[in-house]
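Quick note: the sequence shown uses this note's numbering, first residue 384, plus one each step.
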Amino acid sequence: MSPEDKDVESDAEDDEQEPPEGLVAVGGTVDADTLIRAYHAGVFPWSSDPAVTWWCPDPRAIFDLDTFTPSRSLRKSIRRAGWRFATDEDFEGVMRACAAPVDGRPSTWITDDFVAGYSELHRRGLAHSVEVYEGAELVGGLYGVAIGGFFGGESMFHRRKDASKAALGHLVERLRAGGFRLLDAQVPNPHLLSMGATEISRGDYLRRLKVALATSATF
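Put into structure tokens, the structure is as follows:
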């Protein structure tokens with residue numbers, strides 16, 4: 384294990400030593416084993432140019448699995464669209480769609496190294512995707528990491544209005560049915576909050592994470 388990997392493991396364990404912005408380490412690689420250690424410590428990678436950066440923000444964004452409810456307008460949109468939902472049919476396709484440039488965002492942190500690392504987690508059964516199909520076309524989706532009763536949402540995309548929100552709603556239903564305890568949304572922002580995310584302190588998050596990782600759940 385490299386020095387950078389040690390930082391990923393150790394820095395998030397002592398909440399009082401964390402810098403306010405949540406950056407805990409720089410460097411290392413996004414291979415599957417490093418990612419597993421990072422998520423166990425409450426840390427995730429975010430950006431890779433010129434080096435991978437590792438984060439444990441305070442506050443943290445989560446979707447509360449006990450209280451989250453899709454809006455009535457979203458439920459109507461789903462019924463009108465007639466979308467089909469699936470899981471793990473096209474994991475890499477979802478990652479590539481999340482990485483694709485869109486208006487106002489010419490690039491993302493999801494490089495080929497990220498695709499390779501998370502795709503290996505997917506092969507190990509530790510990362511999953513939710514897909515939204517309109518006919519045969521993939522029009523929305525999300526992907527994330529699942530360990531025990533923890534699911535770490537990584538990124539989402541849409542090619543139709545509300546398709547990413549629909550993917551989130553389907554994910555929540557699946558996590559509830561599978562006995563998951565924590566749905567991490569990482570960094571709070573106005574878009575996530577408008578979708579129903581809530582903010583909790585880093586300390587509270589790490590306590591919830593410990594419980595979730597020790598929980599047996601099925602995706």
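For every residue, glycine included, the Cβ atom is placed at its ideal position computed from N, Cα and C.
Predicted model, so just to flag it, every value in this text is computed and none were measured.
Have a look at the DSSP bridge pairing and note the partners of F533.
Paired residues: I530 and L565.
So the candidates are A546, G579 and F534; which of them puts its Cα closest to the Cα of L592?
Cα-wise, what sits closest to L592 is F534.
Using CA coordinates, which residue listed in G476, R585 and M578 is at the minimum distance from T450?
Ranking G476, R585 and M578 by Cα distance to T450 puts M578 first.
Under 8 Å, with one C-beta from each stretch per pair, do the stretch 539-559 and the stretch 495-508 reach the 3-pair mark?
The stretch 539-559, when compared against the stretch 495-508, does not touch it at the 8 Å Cβ threshold.
Relative to the C-alpha of H541, which candidate in A434, A482, E582 and V413 has its C-alpha closest?
It is A482 whose Cα lies nearest to the Cα of H541.
Using only CA atoms, which one of P428, V570, H505 and L448 lies nearest to G411?
Among P428, V570, H505 and L448, the Cα nearest to that of G411 belongs to P428.
Going by DSSP in three states, S490 sits in which element: helix, strand or coil?
Residue state, collapsed to three classes: coil.
Secondary structure at Q400, three-state DSSP: helix, strand or coil?
Any reading at Q400 must be qualified, since the residue scores a pLDDT of 48, below 50, and its modelled position is unreliable; the value itself is stated next. Three-state DSSP puts Q400 in a helix.
In angstroms, rounded to a whole number, what distance separates the CA positions of W438 and L406?
Using only the alpha carbons, I get a separation of about 5 Å.
Any idea which residues DSSP pairs G523 with across the strands?
V515 and H541, per the DSSP bridge assignment.
For G552 and L448, believed in contact at Cβ under 8 Å, the rounded distance
Not confirmed; about 12 Å, so no contact.
Out of L521, E517 and F563, state which residue places its alpha-carbon closest to the alpha-carbon of V528.
Selection L521, E517 and F563 evaluated against V528 yields F563 as nearest (Cα-Cα).
Any idea if G518 is buried or exposed, counting beta-carbon neighbours within 10 angstroms, 16 or more meaning buried?
By the neighbour-count criterion, in which a residue is buried when 16 or more other Cβ atoms sit within 10 angstroms of its Cβ, G518 is exposed.
Taking the runs of the beta strand (DSSP E) that are 3 residues or longer, which of them lie wholly in the stretch 417-471?
Whole beta strand (DSSP E) segments, 3+ residues: 436-438, 443-446 and 467-470.
Given that a residue counts as buried once 16 or more other Cβ atoms are within 10 Å of its Cβ, and exposed if not, what is E399?
Residue placement at E399 cannot be trusted, given a pLDDT of 44 that sits under 50; what the coordinates show is reported in the next sentence. E399 is exposed by the Cβ-count criterion.
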